[in-house]
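Chemist: For the sequence shown, my numbering puts the final residue at 953, and the numbers step up evenly by one. For every residue, glycine included, the Cβ atom is placed at its ideal position computed from N, Cα and C. The structure displayed is predicted, hence computed values, not measured ones. Take a look at the following structure, please.
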Amino acid sequence: MVDEARLTKLEAGMPILIGGDRIVRISAELAEKFQPGDRLIAVRKTGDLLHVPRAVQQMVTDAVDRALEAFTAAQGASDDQITRFYNEFANRLADDATWATIAKANEEDVARAKQRGRSTTRLLADEKMRRNMIAGLYQWRDMTSRRDKVISTIEHEGWCVDEVVSPCGVVAFVFEGRPNVLSDATGVLRSGNTAVFRIGSDALRTAQAIMERALRPALAAAGLHHNTVTLLESMEHSAGWALFADPRLALAVARGSGYAVELLGAIAREAGNDLSLHGTGGAWIIADETADPTKFGLAVYNSTDRKVCNTLNVICIPRARASDLVPEMLDALKRRGEKLGHGFRLHVAEGTEDLIPAELFTTETDVHRATGVQREPIATPLPIRGGGLGHEWEWEQTPEVTAVAVTDLDEGIRLFNSQSPLLVASLISEDQAAHERFLREINAPFIGNGFTRWVDGQYALERPELGISNWQNGRLLARTALLTGDGVYTIKLRVRQTDPDVHR
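If you want it as structure tokens, here you go:
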């Protein structure tokens, strides 16, 4: 038996063993911050040492405790109660007085984010977002529950085995400043689960207003346990770390991109939790030699209306068609930039510079960044050795893409499979055989023949999405890659004997 002792203090330079073969040393800053009762999470994959203050850890532990209690209560709730919850939640968001309070909180969040030089493209809770939230809740309301449904039966002589749909448990969400996720993610209630949310600090006040004015009253009106949905009201990143490190979760869902999501995924995996990660985004459009110029231009234009994970990021143009496809691309980007109130930015992959008008490399345009509007060249060269095509451009109101010349479709597929985030790919081609080959050979869950922005659970499947289902790191949940609330379930096996003397 191994003797156990609690960590009560840290000293600068103290060695910490990670993963059995690496030593990371405690910094002076971490040693000073650490207090008795605090927690240190050593992440094997990244080598990070994460400090979780005692108060934050206790808050998270209590929240999961309450969510587990609510999960037990939820098993006695009827489908009609869950249906009523969605209806009540939607109707409260539709109430102008209620929304005015939420909108005011959101205005304050947006103003603070701008002061900090933060992006607000996903943060703004405008009328379009409001309508989509309401529509999504009505979709959950009207959806037939699969809870306790028998999906298959295996018959034996004297007995049979039923596969029965059952809820998983507590689903944890950590997401950036998208207030709509707060309503979308309640979809897990439809399959009998409970939820704990940690939203980014930029949107915390908006989330608090939604919880107070709409979500909690809807739970009460439906007669559901008040902790069926819990919000961690903390601006500390450590709240998300502690949440994903709790081994009692049925599922951990991270929305966002970049290193923060990678870190959360590593924490969840090392705690033994199943997870759904929404990591690096950015869609690709690949044209072949048969591409119709008008269809190509429309695909570019309609894939750059706003920056989200399914926004066009890389455009592959066959050299043999550069004379007509490059002008279409530039015109589409110019029109989209003008519609959004600014110009456009083009990153030109090395070896492609000769296909782009030389004046674009010396002409400047207004570019809207999170820090404000600044002047930048329209086109700049982009080194692609070492995976440069995989870089996701984060923009506000100025469309920003990479253009790369390819010899043929084979090269476009090869570049996508080796350098992209393996998310969204669209082929512009008039050759049906090429589309069939594209489907077989492209390593993407979302494949199309036009604009890329169709990739959205609510838009495409009429079921608000909770996240992307782990495309980059193994398909633990669904190869379809869109995780929705009615997909968060497990299977119980139930045996029914008609012959009481069945034996082996």
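1. In the DSSP assignment, find the alpha helix (DSSP H) that holds Phe-865 and state where it starts and stops.
2. Gly-906 by DSSP, collapsed to three states: which one?
3. Pick out the complete beta strand (DSSP E) segments inside the region 604 to 644, 3 residues or longer, and give them in chain order.
4. Tell me the residue span of the alpha helix (DSSP H) that contains Val-763.
5. Using 8 Å as the Cβ pair cut-off and three pairs as the minimum, do the region 875 to 882 and the region 731 to 745 touch?
6. Which residue wins for smallest C-alpha separation from Gly-566, given the options Leu-910, Ala-854 and Trp-844?
7. From Thr-812, Asn-536 and Ala-781, pick the residue whose C-alpha is nearest to that of Thr-743; which is it?
8. I need the straight-line Cα distance from Leu-795 to Thr-851, nearest angstrom please.
9. With C-beta atoms as the reference, is Ala-798 less than 8 Å away from Leu-838?
10. Comparing alpha-carbon positions, which option in His-675, Leu-542 and Phe-745 lies nearest Ser-965?
11. Beta-carbon within less than 6 Å of Asp-528's beta-carbon, same chain only, minus the 5 sequence neighbours each way: which residues are those?
12. Considering only the alpha carbon of each residue, which of Thr-847, Asp-511 and Ser-687 lies closest to Glu-787?
13. Could you give the first and the last residue of the continuous alpha helix (DSSP H) run that contains Trp-844?
14. Per DSSP, Arg-474 forms a beta bridge with which residues?
15. How about Val-710 and Leu-726: do their beta carbons lie closer than 8 Å?
16. Taking the beta carbon of Asp-695 as the centre, do at least 16 other beta carbons fall within 10 Å, making it buried, or is it exposed?
17. Can you tell me whether Lys-783 is helix, strand or coil according to DSSP?
18. Tell me the DSSP secondary structure of Pro-666 in three-state form.
19. Under 8 Å: do the region 681 to 688 and the region 500 to 510 share three or more Cβ pairs, one atom per stretch?
20. If you follow the beta strand (DSSP E) that Glu-813 is in, where does it begin and where does it stop?
21. For Gly-525, which of Asn-555, Gly-641, Phe-534 and Gly-585 has the nearest alpha-carbon?
22. Apart from the five residues on each side of it in sequence, which residues of its chain come closer than 7 Å, Cβ to Cβ, to Leu-761?
23. By alpha-carbon positions, which one of Ile-472, Leu-517 and Val-513 ends up nearest to Asp-497?
24. So, using beta-carbon positions, are Thr-570 and Arg-818 closer together than 8 Å?
25. Gly-899 to Asp-880, Cα distance in whole Å?
26. Which one of His-840, Asp-935 and Glu-682 has the shortest CA to CA distance from Gln-507?
27. Quick one: grab the DSSP three-state call for Asp-950.
28. Tell me, please, which residues DSSP counts as bridged to Ala-732.
29. Around the C-beta of Pro-616, are 16 or more other C-beta atoms found within 10 angstroms, so that it is buried, or is it exposed?
30. At which residues does the beta strand (DSSP E) containing Pro-826 begin and terminate?
Modeler: Inspection of the coordinates gives the following:
1. Walking along the sequence shown from the start, residue 865 turns up at place 416. Following the DSSP letters along the chain, one finds Phe-865 inside the alpha helix (DSSP H) bounded by residues 858 to 868.
2. Here residue 906 refers to the residue found at position 457 of the sequence shown. If DSSP states are grouped into helix, strand and coil, Gly-906 belongs with the helices.
3. Unbroken beta strand (DSSP E) stretches of 3 residues or longer found wholly inside the region 604 to 644: 608 to 616 and 619 to 624, given in chain order.
4. Against the sequence shown, residue 763 aligns to sequence position 314. Here Val-763 belongs to no alpha helix (DSSP H); instead the beta strand (DSSP E) covers 761 to 767.
5. Enough Cβ pairs lie closer than 8 Å, so yes.
6. In the sequence shown, residue 566 corresponds to position 117, counting from 1. For Gly-566, the closest of Leu-910, Ala-854 and Trp-844 by C-alpha to C-alpha distance is Trp-844.
7. Along the sequence shown, read from residue 1 onward, the residue named residue 743 stands at position 294. The residue with the shortest Cα to Cα distance from Thr-743 is Ala-781.
8. For this step, residue 795 is matched to residue 346 along the sequence shown. For this step, residue 851 is matched to residue 402 along the sequence shown. Distance from the CA atom of Leu-795 to the CA atom of Thr-851, rounded to whole angstroms, is 6 Å.
9. Counting from 1 along the sequence shown, the entry for residue 798 is found at position 349. Counting from 1 along the sequence shown, the entry for residue 838 is found at position 389. Yes; because the gap between Cβ atoms is below 8 Å, this pair is in contact.
10. What is shown of the chain runs 450 to 953, which leaves residue 965 out entirely.
11. As a working mapping, residue 528 is identified with position 79 in the sequence shown. Here the set comprises Ser-594.
12. Your numbering for residue 787 matches position 338 in the sequence shown. That would be Thr-847, whose Cα lies nearest to the Cα of Glu-787.
13. What you label residue 844 is simply residue 395 of the sequence shown in a count that begins at 1. Note, Trp-844: premise wrong, no alpha helix (DSSP H); not H, not E.
14. Sequence index remark: in the sequence shown, residue 474 carries index 25 (1-based). Bridge partners of Arg-474: Pro-464.
15. Against the sequence shown, residue 710 aligns to sequence position 261. Against the sequence shown, residue 726 aligns to sequence position 277. A contact, by the Cβ cut-off of 8 Å.
16. Position 246 of the sequence shown, counting from 1, holds the residue named residue 695. Buried is the call here.
17. Your numbering for residue 783 matches position 334 in the sequence shown. Assigned with DSSP and collapsed to three states, Lys-783 falls in helix.
18. Here residue 666 refers to the residue found at position 217 of the sequence shown. Look at Pro-666 here: in three-state DSSP terms it is helix.
19. At 8 Å Cβ cutoff, the stretches touch.
20. One-based indexing of the sequence shown puts residue 813 at position 364. DSSP places Glu-813 inside the beta strand (DSSP E), whose first and last residues are 813 to 818.
21. For the purposes of this step, residue 525 is taken as residue 76 along the sequence shown, with counting starting at 1. Nearest C-alpha to Gly-525: Gly-641.
22. Here residue 761 refers to the residue found at position 312 of the sequence shown. Excluding positions up to five away in sequence, the list reads Ala-732, Ile-734, Val-749, Ser-752, Thr-753, Val-850 and Thr-901.
23. The residue labelled residue 497 in the question sits at position 48 within the sequence shown. Checking every option, the nearest Cα to that of Asp-497 belongs to Ile-472.
24. Residue 570 sits at position 121 when you count from the first residue of the sequence shown. Residue 818 sits at position 369 when you count from the first residue of the sequence shown. No, they are not a contact pair.
25. In the sequence shown, counting from the first residue as 1, residue 899 sits at position 450. In the sequence shown, counting from the first residue as 1, residue 880 sits at position 431. C-alpha separation (whole angstroms): 14 Å.
26. Counting from one through the sequence shown, the residue named residue 507 turns up at place 58. Taking Gln-507 as reference, the option from His-840, Asp-935 and Glu-682 with the minimal CA-CA separation is Glu-682.
27. Taking the sequence shown and counting its residues from 1, the one referred to as residue 950 is at position 501. Asp-950 falls in the coil class under three-state DSSP.
28. Here residue 732 refers to the residue found at position 283 of the sequence shown. Residue pairing from DSSP places Ala-732 in a beta bridge opposite Leu-761 and Val-873.
29. Translated into the one-based positions of the sequence shown, residue 616 becomes position 167. Burial of Pro-616 is indicated by the presence of at least 16 other C-beta atoms within 10 angstroms of its C-beta.
30. Looking up residue 826 in the sequence shown gives position 377. Taken as a continuous stretch (DSSP letters only), the beta strand (DSSP E) holding Pro-826 covers 821 to 826.
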